[in-house]
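The sequence shown runs 1193 to 1755 under the working numbering.
For every residue, glycine included, the Cβ atom is placed at its ideal position computed from N, Cα and C.
No experiment lies behind these values; they were computed from the predicted model shown.
Quick notes on the structure that follows.
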Amino acid sequence: MIGMFAIVATVFIGAVQVLLHWLVCKLARRPHYVQLTHKLTQDVAAVGLVYLLVKLVVAVNTEPSTQYILRDAFDMADLLLFVASVSILTQAVVVILVLHTTTTEMDGLGILWSFEVVDEIQAAKSRRSWCFMRSWYAARVKLKLVGAYFRHVYELPPLFGYSKYVRIVQEHMTSQLFDVGAGASVVLLVYFHAFFAVTGELDGPFALASSRGIDMRFFQRWNVFLCFSYLILMCAVALYALLAWSYGRLVHHAKLHALTPSSSCPPSANTTIWDAIASLATKECTMAQMGPAEALARMQHAGERLEDHIRSSARWRLWSWPKSTTTRCATAFQTEIDHVVLPIPHYRVCSAILHVLLHLNGLSYAFFASAVLPTLVPSTTCEVFVMTLAALAPLMIVSVMLAPQLIRTLALVHATWRVDSTMLSRVIADVVHVEQVKSAIVADVAAHCQLHRQSPHDMRLALVPPCHTNHSDGANGGDHNDQCYVEIDAFRRVLNQFGHRMPWYNMDPFIRAMDIRTRGTSVCLADVLAIFDTQWHPTAIKVDAVEPTTTNKRLTAAASTIY
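Here you go:
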């Protein structure tokens, strides 16, 4: 029997190590999540050290009267730490998965132009499901308006990937919020002290279990825990209301920017975000298009200004205040949102409050499993299930629904309102060095084709739908490629099959920098294949020839009165 348990333990440890290695390899492109994984595994490993401490205390202590008490006490502490680590890890995984879904939708929105969003809304408004999907489209419109406002304030071209910048800020924030360090231990001790101080058991006699003849008040702990869990839910709802209000004010300023061609023409008070996105689409149509070379030069100029700002204001390197004039140096990155005042405290205050809430929510699962659930055993199974569901429902609402929304809203507000110069300059540098990205793609595809005896023609066959393959092989194959559009997801999958992996959030700046024509979330096949040609494909001439008159008429028809 002992040998069987040793084999099972060895297999379990090996499986956990393989799982951790696979997880680190999958997260290799996201260093913040890799760092968070290492920290969480260290916390779980600390549980094993506590168990070794249990064995040491039992081996050293020779008095039988206190040996069992110390062993049970340390076992209880070890169980509490283990369940706390597992619960915080589970909560972090749930939040990261939910955030991954929302950020993927945001990456897809960055590919679309404003007039395509207007067309999408007009098509959705004619369906019966519009009343159910209205809030989803409203969130997309708000994000599009805030991204355009951000690029206008910091004088960035459409080449800049706003979704990528928000994603980087969001990942950095997530890794910090779920960092289980000394602060989590302090929160756990305060939670422990406050809980048993309210129940009146903090200064009472030591009690191990009800089976030893000690009169335990079974439902008192459950009542106190129920109050604690709903108090956490109320605090999370209040913080989300504050952040949502601040984000709404930011969207309001973005709406005013989209509606106002100049400061001398104030918009009407009855305008909505639907009017703003239609006005923004008209602006994009009438505005002179910027070529890739000019856009890259403008991005490089903005990056140089950011580097000067970072070097000249080292004390305010993280989360500078654009609205403050006292912290702005002579070479600071100038903004035009001095009039924007949001009802929100400093980022570190919001981050600290959210950090404590997430830790309290995660530790509450562990506290319920180790201190509250054992007191419910004398009840019936149905009563235990109902009481457990009532106690854990607020915690699950915070973990699944509120925590991802809190992190996402805080990242959107502070990434736009209080800019992190370091992360913004990193995103700009990635866009400026797009030629290196293109060279890496061509080199990886060429190496894969040489290794597997393939050619770029095989990539074209993989991209073109099978029903169109025969038409593209004829004399008008080039014209067909010029009219053929493929989905970006299909292009990413084919590119991954040919040896180069490109994430979603890098597609938007890459497509804009390579001047690839788009139609919704599809890219032109001819422009994609031109990346692998030895000579540069003259896409700028074809962009000017693609029915500008029809597009202008369609955008002009999308007036602010359509909604």
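Element boundaries [beta strand (DSSP E), containing residue i]
i             : result
cysteine 1716 : 1714–1716
Simplified DSSP assignment, three categories, for residue i
i                  : result
arginine 1711      : strand
glutamate 1679     : strand
leucine 1228       : helix
valine 1286        : helix
arginine 1600      : helix
phenylalanine 1724 : coil
isoleucine 1199    : helix
threonine 1572     : coil
leucine 1594       : helix
glutamate 1393     : coil
proline 1223       : helix
leucine 1534       : coil
valine 1611        : coil
proline 1566       : helix
proline 1695       : coil
valine 1275        : helix
arginine 1320      : coil
valine 1338        : helix
valine 1382        : helix
serine 1647        : coil
valine 1623        : helix
valine 1208        : helix
Residue j beta carbon less than 8 Å from that of residue i
i                  : j                  : result
leucine 1598       : alanine 1428       : yes
phenylalanine 1683 : histidine 1640     : no
threonine 1601     : leucine 1488       : no
tyrosine 1341      : alanine 1446       : yes
valine 1416        : phenylalanine 1384 : no
isoleucine 1589    : leucine 1425       : yes
isoleucine 1303    : threonine 1713     : yes
isoleucine 1723    : methionine 1699    : no
alanine 1544       : tyrosine 1346      : no
isoleucine 1536    : valine 1333        : no
alanine 1603       : glutamine 1362     : yes
proline 1596       : valine 1226        : no
valine 1678        : leucine 1717       : yes
leucine 1348       : methionine 1491    : yes
leucine 1841       : leucine 1442       : Lying outside 1193 to 1755, the shown extent of the chain, residue 1841 is not represented and no answer is given.
serine 1562        : valine 1275        : yes
serine 1355        : valine 1605        : no
threonine 1296     : tryptophan 1609    : no
valine 1619        : glycine 1353       : yes
alanine 1621       : valine 1358        : no
aspartate 1636     : histidine 1692     : yes
Residue range of the unbroken alpha helix (DSSP H) whose run includes residue i
i                  : result
glutamate 1810     : No answer is possible for residue 1810: the residues shown for the chain start at 1193 and end at 1755.
threonine 1474     : 1465–1478
alanine 1315       : 1306–1317
phenylalanine 1559 : 1539–1559
histidine 1364     : 1354–1369
asparagine 1415    : 1410–1451
histidine 1640     : 1626–1644
phenylalanine 1690 : Taken as a continuous stretch (DSSP letters only), phenylalanine 1690 belongs to no alpha helix (DSSP H), as it is neither H nor E.
isoleucine 1703    : 1699–1705
Residue i CB to nearest heavy atom of the ligand GDP below 7 Å
i               : result
methionine 1365 : For the ligand GDP, the structure offers nothing, since it holds no ligand at all.
8 Å CB neighbourhood of residue i in its chain, flanking five on each side removed
i               : result
leucine 1228    : Ala1284, Thr1366, Ser1367, Phe1370, Asp1371
valine 1626     : Leu1488, Pro1701, Phe1702, Ala1705, Met1706
leucine 1472    : Ser1306, Lys1336, Leu1337, Ala1340, Ala1450
tryptophan 1414 : Val1564, Thr1567, Leu1568, Met1579, Ala1583
leucine 1212    : Thr1229, Thr1233
Cutoff 6 Å; reference residue i; Cβ partners in own chain excluding five residues on either side
i            : result
glycine 1440 : none
leucine 1418 : Ala1583
valine 1287  : Ala1595, Pro1596
valine 1203  : none
Contact set for residue i: own chain, Cβ-Cβ below 7 Å, skip 5 residues either direction
i              : result
glutamate 1308 : Gly1712
leucine 1552   : Val1379, Tyr1383, Ile1424
serine 1421    : Ser1556, Ala1583, Pro1586, Leu1587
valine 1624    : Leu1488, Met1491, Gln1492, Gly1495
glutamine 1412 : Thr1391
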